[in-house]
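Letter by letter, the sequence shown follows residues 2 to 291 of the numbering used here. Yeah, the Cβ is synthetic: ideal placement off N, Cα and C, and Gly gets one too.
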Amino acid sequence: MKIPFLPSKAVKMSKGLMGIGRFLSKFFPYLEIELVQLESEYSSEEYLAIAALASFLYFSLVLGITISLSFFLRVFSLQSVLYSSLEGFAIGFLVFVYLALYPKLLLRRSVRSLEKNLLAALRHLMVQTSSGVPLFDSIVSVSEAGYGSVSQEFKKIIKDTQAGISLTDALENSAMRNPSLHYRRTVWQLSNASKAGADIGNTLQAIVAGIISEQRVEIRKYGSQLNPLALMFTLFSIIFPTLGLIVLVIISGFVGFGLTEHVFLFVIVAVAIFQYMFIGLIESRRPAVM
Numbered sequence: 002m003k004i005p006f007l008p009s010k011a012v013k014m015s016k017g018l019m020g021i022g023r024f025l026s027k028f029f030p031y032l033e034i035e036l037v038q039l040e041s042e043y044s045s046e047e048y049l050a051i052a053a054l055a056s057f058l059y060f061s062l063v064l065g066i067t068i069s070l071s072f073f074l075r076v077f078s079l080q081s082v083l084y085s086s087l088e089g090f091a092i093g094f095l096v097f098v099y100l101a102l103y104p105k106l107l108l109r110r111s112v113r114s115l116e117k118n119l120l121a122a123l124r125h126l127m128v129q130t131s132s133g134v135p136l137f138d139s140i141v142s143v144s145e146a147g148y149g150s151v152s153q154e155f156k157k158i159i160k161d162t163q164a165g166i167s168l169t170d171a172l173e174n175s176a177m178r179n180p181s182l183h184y185r186r187t188v189w190q191l192s193n194a195s196k197a198g199a200d201i202g203n204t205l206q207a208i209v210a211g212i213i214s215e216q217r218v219e220i221r222k223y224g225s226q227l228n229p230l231a232l233m234f235t236l237f238s239i240i241f242p243t244l245g246l247i248v249l250v251i252i253s254g255f256v257g258f259g260l261t262e263h264v265f266l267f268v269i270v271a272v273a274i275f276q277y278m279f280i281g282l283i284e285s286r287r288p289a290v291m
């Protein structure tokens, strides 16, 4: 798995921070499972050590750049060092949080990619099995039909089956390693129906109807969330920063301390980061079918 914000050569430097990674892993109990589902080569301790290293490097980079700029602009002072340290800490902290949540982000993208084609793939599978085609041959047909991540997962099932694992066990293994709830539920039901000797076509018909109903509920839920999210975006990205700066200007006039360029730059950067993260939040809440 490629780590963002950090050159691949710098990853080797994180081995000396394994103690920090081991300590931080206590605060991220599900990270190990997420890395396993992503088939990552890193353990949770190794990954968090890399995140800590990236955070420190970006803190040092921002601190060095801002202090150098203050020297160049001839505004260097103890206050500028304090603002530079705060900016470096903020950027370093945001980098660490982003990296800590990055596996979850990748899993969500994987789930969205899979569930986008899941319904079409299941309809294909239902047509095949209802026509009398065996379940394994139907899975082979879906794996070759170009349904994206669903076809890739079915290819793994075929590979496990050809390696000597029974089809039901291969289905269960696929369900265990996949993060998609809809996919896991579907594959578990297929496995149970195969074990019980039930009609796979009828089982798939019930699964498809259930997924369609759930997707309609998700779309309605998403629509109901947009209005409060839009209000929150307006408050935190426009109204609060504007009022905050006005209050700071008024207070600085009474107290007698001046507002430097660092304050305005910090507010602009903070608002830009908030807007970027908020747009990502809205995007993450959008159902996969939209």
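Around the C-beta of residue i, are 16 or more other C-beta atoms found within 10 angstroms, so that it is buried, or is it exposed?
i: asparagine 203; result: exposed
i: methionine 312; result: Because the chain is modelled from 2 through 291, residue 312 falls outside the range shown and cannot be assessed.
i: methionine 278; result: exposed
i: alanine 197; result: exposed
i: alanine 194; result: buried
i: threonine 235; result: exposed
i: threonine 130; result: buried
i: asparagine 118; result: buried
i: valine 256; result: exposed
i: methionine 233; result: exposed
i: threonine 243; result: exposed
i: tyrosine 84; result: buried
i: valine 248; result: exposed
i: leucine 18; result: buried
i: glutamate 35; result: buried
i: leucine 32; result: buried
i: isoleucine 201; result: buried
i: isoleucine 4; result: buried
i: leucine 74; result: exposed
i: alanine 122; result: buried
i: glutamate 284; result: exposed
i: serine 15; result: buried
i: valine 250; result: exposed
Which class does residue i belong to by DSSP, given the choice of helix, strand or coil?
i: glycine 224; result: helix
i: leucine 18; result: helix
i: asparagine 203; result: helix
i: tyrosine 31; result: coil
i: proline 180; result: coil
i: isoleucine 247; result: helix
i: tyrosine 43; result: coil
i: isoleucine 208; result: helix
i: isoleucine 166; result: coil
i: leucine 74; result: coil
i: lysine 196; result: helix
i: isoleucine 66; result: helix
i: glutamate 13; result: According to the sequence shown, residue 13 is lysine rather than glutamate. In the structure shown, lysine 13 sits in a helix (DSSP, three-state: H, G or I).
i: glycine 254; result: helix
i: isoleucine 213; result: helix
i: isoleucine 51; result: helix
Counting along the chain, where does the alpha helix (DSSP H) carrying residue i start and finish?
i: isoleucine 240; result: Segment: none, isoleucine 240 is in no alpha helix (DSSP H) and carries neither H nor E.
i: valine 272; result: 262 to 286
i: lysine 105; result: 79 to 131
i: isoleucine 159; result: 150 to 163
i: serine 144; result: 136 to 144
If we call anything under 8 Å between Cβ atoms a contact, is residue i one with residue j?
i: alanine 50; j: glycine 22; result: yes
i: phenylalanine 97; j: alanine 53; result: yes
i: isoleucine 158; j: isoleucine 140; result: yes
i: glutamine 226; j: isoleucine 208; result: no
i: valine 188; j: leucine 205; result: no
i: serine 253; j: leucine 246; result: no
i: serine 81; j: serine 71; result: yes
i: phenylalanine 24; j: serine 45; result: no
i: arginine 287; j: tyrosine 223; result: yes
i: leucine 168; j: leucine 136; result: yes
i: glutamate 154; j: asparagine 179; result: yes
i: valine 151; j: leucine 108; result: no
i: valine 237; j: phenylalanine 275; result: According to the sequence shown, residue 237 is phenylalanine rather than valine. Against a cut-off of 8 Å, the Cβ pair of phenylalanine 275 and phenylalanine 237 comes out as a contact.
Is the shortest distance between the beta-carbon of residue i and the beta-carbons of chain C less than 8 Å?
i: glutamine 80; result: Protein chains in the displayed structure number just one, and chain C is not present.
Three or more C-beta pairs closer than 8 Å, one from the segment 84 to 96 and one from the segment 42 to 62: is that the case here? Under the 8 Å Cβ criterion, the segment 84 to 96 counts as touching the segment 42 to 62, having at least three qualifying pairs.
Can you confirm whether the segment 143 to 158 touches the segment 199 to 216 when touching is taken to mean that 3 or more C-beta pairs between the two stretches lie within less than 8 Å? No contact exists between the segment 199 to 216 and the segment 143 to 158.
Is it true that the segment 99 to 119 meets the segment 25 to 45, where meeting means three or more beta-carbon pairs spaced less than 8 Å apart? A contact exists between the segment 99 to 119 and the segment 25 to 45.
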